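**Student:**
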Amino acid sequence: MFTLQQKVKMAINPELELALQFIEKTDRNLFITGKAGTGKTTFLHKIKSESLKRMVIVAPTGVAAINAKGVTIHSFFQMPFGPILPNQIANTNQQRKFSKTKIDIIKSLDLVIIDEISMVRADLLDAIDQVMRRYKNRDKVFGGAQILMIGDLQQLAPVVKPNEWSLLQQHYDTVYFFSAKAYEEANVVSIELKHIYRQKNEVFIKILNEIRTNTLSDTSAKILNKNYNPSFSPAKEEGYITLTTHNNRANLINNSELNKLKIRPVFFNAVISGKFSENAFPNAERLELKVGAQVMFIKNDSSAEKRYYNGKIGIITAISKESVSVQCGDEVDEIVTEKETWSNINYAINEETKAIKEEMIGAFTQIPLRLAWAITIHKSQGLTFERAIIDAEASFAHGQTYVALSRCTSLEGLVLKTPITSSAIINDSTVSLFNEGVEENHPDERILNESEKDFQLNLISELFDFQPFLYPTIRLIDIFYKNQTSIKGAVIEHLQTLKDEGVVTLMKVANGFKNQLLQISEDAILPENSSQIQERFTKAIAYFLNITKNNIQKPLAAISFSTDNKAVQKDFSKQFESLQEKLEEKLFTLHKMTNCFKVQAYLQVRAKAVLQKMEPVKKKQLPSKRDPILALKLRELRDGISKSLEIPHFQIFTQETLYALCDELPRSEASLLNIVGLGKTRVTKYGEEILEAIEAYCSENGINKFNEQKKEDKKPTKQVSFELFKSGLAIKDIAKERSLTIGTIENHLANYISSGDIDILELIELKRYKKIRDEIETAGAVKGLTALKEKVNGSITYMELKMVLMSMEA
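Heads up: the sequence shown at position 232 corresponds to 232 in UniProt numbering, and the numbers run straight through without jumps.
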């Protein structure tokens with residue numbers, strides 16, 4: 001649901017409303033751009049929450065994907081890293097094999113949203129096109145799915161190394177997405193969002209526009225550089241943040257300011273579960289904070305109060321083991337924040353509704369704060385600051401100066417460490433030229449209405465389109481004639497009937513029907529509202545169903561085929577199954593559309609046609625005893641062996657074998673030999689390393705050799721105590737709940753001191769800790785805890801000695 005403020009934004013933004021209409025009512029591919037602060041992110045989230053189209057959201061980097069609540073382009077489309085040449089994916093096996101679920105998702109997609117499109121290289125966009133054609137429709141750009149590209153070309157640019165560009169420049173004019181072959185073919189509608197929400201001052205907005213277009217006037221430069229103050233040192237409570245070009249500069253400022261606070265730091269360890277790439281971590285895995293530190297919230301408040309947002313700055317006033325209190329500016333109430341969770345998602349299909357659903361495959365939980373005396377311009381992307389110090393002297397990339405200045409809400413809250421000159425403004429002339437075209441070709445209501453009508457006509461044509469049947473049919477005929485001496489059965493006569501009397505006949509009729517619809521629809525009435533088109537549509541359905549059943553389904557069912565040639569068998573079976581699949585989908589769709597044509601109904605039926613073959617009952621569930629942590633360790637082991645020996649993963653062990661290892665937990669060479677896919681040769685070569693990994697896992701989780709399988713949901717007893725302690729229970733309460741002694745619980749918790757998961761001061765008061773530490777130091781070098789106990793004050797317990805010793809060692 002959207003807030004009242006967000007809804008007001010929509011109401012006063014005609015370009016945004018137009019873009020929404022193009023998404024919902026047409027199949028036009030869209031590029032949505034706009035200056036910083038024009039609501040592009042709000043637009044994305046509105047589409048996601050309100051659109052009825054089946055969609056996925058992808059982004060070029062892990063952080064961008066997490067922020068957009070989508071997945072990375074490389075993970076969803078299973079792309080190889082590095083330059084991707086035209087037709088490379090279609091003609092090679094560089095991609096990992098797609099799962100049936102992934103293929104079904106792609107085939108049933110209506111819409112693909114690509115966020116931060118400015119960072120997407122031309123070759124990557126063409127690679128997306130190759131994948132979509134491969135699994136959806138080979139004859140249409142992006143497989144016939146609608147593509148929505150969101151981003152600002154004047155901000156983040158694609159990354160390309162010189163050696164990569166030396167390969168790509170043979171195929172592309174520029175590295176930007178708009179140089180992709182697919183983009184040229186996609187007939188893209190470009191809409192620029194123009195209403196700026198971040199800045200209200202017209203003078204400042206004018207200055208930003210000039211910097212954006214590299215046309216900074218002398219007058220604007222003078223106004224801007226009035227804020228130049230190289231010796232500026234803000235007061236602590238003012239909340240200024242420095243935006244700088246390089247990461248090491250930002251870290252230096254933050255660490256220097258943190259060290260000025262002469263108090264003990266507190267560390268918060270992130271909780272990471274499932275699959276979450278280190279490159280996509282939204283915050284430090286081990287976060288160091290101090291009372292008095294200037295911090296920035298890096299996530300919107302997930303609670304109903306919405307007390308903070310991504311980019312809000314404040315000062316830490318208090319820290320407990322579970323929360324951090326932050327005072328923001330002149331606000332009356334401090335914000336007490338606890339850990340927030342960022343999700344890493346994957347797309348799957350709901351077995352009951354067949355809808356595309358988001359499945360959490362990993363999570364990162366951490367305090368949503370970052371030190372904020374300084375931040376890189378790159379990391380400030382998408383954030384808003386009321387007070388900022390800009391150090392753009394070392395700008396090294398296209399758009400950096402614009403991004404930095406446009407983070408600020410006003411000129412009044414802006415301080416320049418270095419004056420802004422034309423040399424600090426780096427703009428790519430290719431981008432400027434492209435953006436001029438976007439502004440000149442802005443669509444209007446007339447184009448929207450025409451596109452809506454074309455969309456409906458396209459859907460009707462798609463329903464009666466039998467072109468996709470032609471390729472597998474011709475391939476089958478070709479395979480037969482090239483190998484007829486080794487093929488037995490009734491094949492060619494049925495294939496010829498299927499082709500000539502079925503596929504080709506229906507293609508000719510469909511083409512004629514399409515032309516008739518174009519003539520009928522010359523007026524302004526939409527096809528789904530035209531009684532004349534609806535009448536023709538229902539008659540066409542009856543005709544196409546009849547010919548499909550008699551001239552395609554029957555001859556296909558009559559084919560009998562056998563051969564001793566395995567290669568021929570494989571090739572023939574592949575095309576035969578493809579034809580069968582297309583036939584099932586087409587018959588399903590035709591049967592469901594016999595009454596009339598409605599856009600939403602057809603989109604739903606089209607998706608179900610792809611998914612109706614899925615068998616929910618037969619879906620294999622991962623056994624609950626299978627721990628993803630062990631699977632991860634075994635994958636890492638396999639990766640290491642693969643790289644060192646330069647051999648493919650499957651030669652070490654397959655995915656099926658990996659799952660079997662996780663299920664069975666073999667602890668000896670003999671039990672390894674019983675695992676599917678592990679013969680004597682593989683056990684000899686890799687068995688020792690596999691067993692070591694499993695042994696380490698079993699040891700960590702308290703699994704003995706007499707019980708080789710980990711019991712479902714069984715946790716080490718010390719971990720249970722640790723989790724209860726971290727939830728806020730006192731030691732005596734944990735002991736009572738678990739029916740254990742206080743000493744046993746203390747012993748459990750002591751195990752977490754050396755790792756830093758528990759601070760000694762959470763278990764022993766500071767005054768008592770200092771006393772015990774002094775006693776230990778006075779005692780000097782002593783062998784064993786018993787000997788030490790005899791030398792210290794009698795009031796000190798064995799457990800206290802053990803805890804303090806562990807803390808001192810850590």
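Every residue gets a Cβ at the ideal spot worked out from N, C-alpha and C, and that includes glycine. Only a predicted model underlies this, so the values are computations on that prediction, with no experimental measurement involved.
1. Bridge partners of residue 812, per DSSP?
2. Take Ala186 and list the residues in its own chain whose beta-carbon comes closer than 8 Å to its own, dropping the five residues that flank it on each side.
3. If you measure between the beta carbons of Asn346 and Asp27, is that distance less than 9 Å?
4. Which residues mark the beginning and the end of the alpha helix (DSSP H) in which Phe722 is found?
5. Output the residue ranges of the beta strand (DSSP E) runs that lie fully inside the segment 718-781 and measure 3 residues or longer, sorted by chain position.
6. In the DSSP output, which residue or residues are listed as bridge partners for Lys357?
7. Buried or exposed for Pro616, going by 16 or more other Cβ atoms inside 10 Å?
8. Assuming the contact rule is C-beta atoms closer than 8 Å, Val431 and Ile487 should be a hit. Round their C-beta distance to whole Å, please.
9. Quick one: Cα of Leu156 to Cα of Met132, how far?
10. Hey, how far is the Cα of residue 820 from the Cα of Ala127?
11. Where does Thr401 fall in DSSP's three states?
12. Using the C-alpha atoms, what's the distance from Ala558 back to Met149?
13. Expressed to the nearest angstrom, what Euclidean distance is found between the alpha-carbon atoms of Glu746 and Asp774?
14. Using only the alpha-carbon positions, how far apart do Gln516 and Ile460 sit?
15. Should Tyr602 go down as buried or exposed, given a rule of 16 or more other Cβ atoms within 10 Å for buried?
16. In three-state DSSP terms, what is Cys698?
17. Is the beta carbon of Ile776 less than 9 Å from the beta carbon of Leu788?
18. Excluding the 5 residues flanking Thr594 on each side, which residues of the same chain have their C-beta closer than 6 Å to its C-beta?
19. Check whether the Cβ atoms of Phe281 and Ile389 sit closer than 9 Å, and answer yes or no.
20. Within 10 Å of its beta-carbon, does Thr485 have 16 or more other beta-carbons around it, so buried, or fewer, so exposed?
21. Could you check how far apart the C-beta atoms of Lys200 and Ser220 are, in whole angstroms? I think they sit under 8 Å.
22. So the alpha helix (DSSP H) Ile313 belongs to, where does it begin and stop?
23. Mind checking residue 827: buried by the 16 CB within 10 Å criterion, or exposed?
24. Helix, strand or coil for Phe434? Go by DSSP, reduced to three states.
25. Below 7 Å CB to CB, which residues in the same chain sit around Ala490 once its five sequence neighbours on both sides are set aside?
26. Beta-carbon separation of Leu287 and Gln366 under 9 Å?
27. Quick one, which of Tyr197, Thr33, Ser380, Asn674 has its alpha-carbon nearest Val63's?
28. Is it buried or exposed, Asp129, if we count other Cβ atoms within 10 angstroms and call 16 or more buried?
29. Going by DSSP, what residue range makes up the alpha helix (DSSP H) through Thr473?
30. Do Ile772 and Leu763 have their C-beta atoms closer together than 9 Å?
31. So, are the CB atoms of Asp454 and Ala510 less than 9 Å apart?
32. Can you give the Cα-Cα distance for Asp478 and Ile552, rounded to whole angstroms?
33. Out of Ile520, Ile23, Lys354, which has the shortest C-alpha to C-alpha gap to Ser190?
34. Check whether the Cβ atoms of Gly413 and Asn344 sit closer than 9 Å, and answer yes or no.
35. For Cys662, which three-state DSSP category applies?
36. Leaving out the 5 sequence neighbours to the left and right, which residues in its chain are closer than 7 Å to Asn225 when beta-carbon positions are compared?
**Tutor:** On the basis of the data shown:
1. Because the chain spans 1 through 810 in this model, residue 812 falls outside it and cannot be assessed.
2. Indexing the sequence shown from 1 puts residue 186 at position 186. Hits under 8 Å: Asn29, Val141, Phe142, Ile147.
3. The residue given as residue 346 occupies position 346 in the sequence shown. The residue given as residue 27 occupies position 27 in the sequence shown. No, these two residues do not count as a Cβ contact at 9 Å.
4. On the sequence shown, position 722 is the one that residue 722 refers to. Where Phe722 is concerned, the enclosing alpha helix (DSSP H) stretches over 717-726.
5. none
6. Counting from 1 along the sequence shown, the entry for residue 357 is found at position 357. Lys357 pairs with Ala348.
7. In the sequence shown, the residue the question calls residue 616 occupies position 616. Note that Pro616 has pLDDT 36, beneath the 50 cutoff, so the model's placement of it is unreliable and the number below is only indicative. Result: exposed.
8. Position 431 of the sequence shown holds residue 431. Position 487 of the sequence shown holds residue 487. No, Val431 and Ile487 are not in contact; Cβ-Cβ is about 57 Å, not under 8 Å.
9. One-based indexing of the sequence shown puts residue 156 at position 156. One-based indexing of the sequence shown puts residue 132 at position 132. Using only the alpha carbons, I get a separation of about 26 Å.
10. Nothing can be reported for residue 820: it is not among the residues displayed for the chain, which extend from 1 to 810.
11. Here the question's residue 401 lines up with position 401 in the sequence shown. Looking at Thr401 - three-state DSSP - the assignment turns out to be helix.
12. Residue numbering aside, residue 149 sits at position 149 when the sequence shown is read from its first letter. Residue numbering aside, residue 558 sits at position 558 when the sequence shown is read from its first letter. If I take the Cα positions, the gap works out to 47 Å.
13. Position 746 of the sequence shown, counted from the first residue, corresponds to residue 746. Position 774 of the sequence shown, counted from the first residue, corresponds to residue 774. Approximately 22 Å between the Cα atoms of the pair.
14. What you label residue 516 is simply residue 516 of the sequence shown in a count that begins at 1. What you label residue 460 is simply residue 460 of the sequence shown in a count that begins at 1. Gln516 and Ile460: Cα-Cα distance of roughly 12 Å.
15. On the sequence shown, position 602 is the one that residue 602 refers to. Answer is buried; the Cβ neighbour count reaches 16.
16. For the purposes of this step, residue 698 is taken as the residue at position 698 of the sequence shown. DSSP places Cys698 in helix when its eight states are reduced to three.
17. In the sequence shown, counting from the first residue as 1, residue 776 sits at position 776. In the sequence shown, counting from the first residue as 1, residue 788 sits at position 788. For Ile776 and Leu788, yes; Cβs fall inside 9 Å.
18. On the sequence shown, position 594 is the one that residue 594 refers to. Only Ile541 meet the Cβ criterion.
19. Here residue 281 corresponds to residue number 281 of the sequence shown, with the count starting at 1. Here residue 389 corresponds to residue number 389 of the sequence shown, with the count starting at 1. No, they are not a contact pair.
20. By 1-based counting over the sequence shown, the position of residue 485 is 485. Flag for Thr485 reads exposed.
21. Numbered from 1 along the sequence shown, position 200 holds the residue referred to as residue 200. Numbered from 1 along the sequence shown, position 220 holds the residue referred to as residue 220. That belief does not hold up - the Cβ atoms of Lys200 and Ser220 are roughly 17 Å apart, past 8 Å.
22. Stepping through the sequence shown from its first residue, residue 313 is reached at position 313. Counting along the chain, Ile313 falls outside any alpha helix (DSSP H), though it belongs to the beta strand (DSSP E) covering 313-319.
23. The structure shown does not extend to residue 827, since the chain spans only 1 to 810, so no value can be given for it.
24. Against the sequence shown, residue 434 aligns to sequence position 434. Residue state, collapsed to three classes: helix.
25. Along the sequence shown, one-based indexing puts residue 490 at 490. Taken in chain order, the residues that qualify are Ala558, Ile559, Ser560.
26. Reading the sequence shown from its first residue, position 287 is the one you call residue 287. Reading the sequence shown from its first residue, position 366 is the one you call residue 366. Contact: yes.
27. Counted from its first residue, the sequence shown places residue 63 at position 63. Comparing Cα positions, the closest option is Ser380.
28. Position 129 of the sequence shown, counting from 1, holds the residue named residue 129. It is buried - the Cβ of Asp129 has at least 16 other Cβ atoms within 10 Å.
29. Within the sequence shown, the letter at position 473 stands for residue 473. 467-482 is the span of the alpha helix (DSSP H), which, as asked, contains Thr473.
30. Numbered from 1 along the sequence shown, position 772 holds the residue referred to as residue 772. Numbered from 1 along the sequence shown, position 763 holds the residue referred to as residue 763. Their beta carbons are not under 9 Å apart, which means Ile772 does not touch Leu763 by this criterion.
31. For this step, residue 454 is matched to residue 454 along the sequence shown. For this step, residue 510 is matched to residue 510 along the sequence shown. Cβ atoms of Asp454 and Ala510: not closer than 9 Å.
32. Translated into the one-based positions of the sequence shown, residue 478 becomes position 478. Translated into the one-based positions of the sequence shown, residue 552 becomes position 552. Answer to the nearest angstrom: the Cα atoms are 18 Å apart.
33. Here residue 190 corresponds to residue number 190 of the sequence shown, with the count starting at 1. Nearest C-alpha to Ser190: Ile23.
34. Reading the sequence shown from its first residue, position 413 is the one you call residue 413. Reading the sequence shown from its first residue, position 344 is the one you call residue 344. No, they are not a contact pair.
35. For the purposes of this step, residue 662 is taken as the residue at position 662 of the sequence shown. Looking at Cys662 - three-state DSSP - the assignment turns out to be helix.
36. Within the sequence shown, the letter at position 225 stands for residue 225. Same-chain partners within the cutoff: Leu416, Pro419, Ile420.
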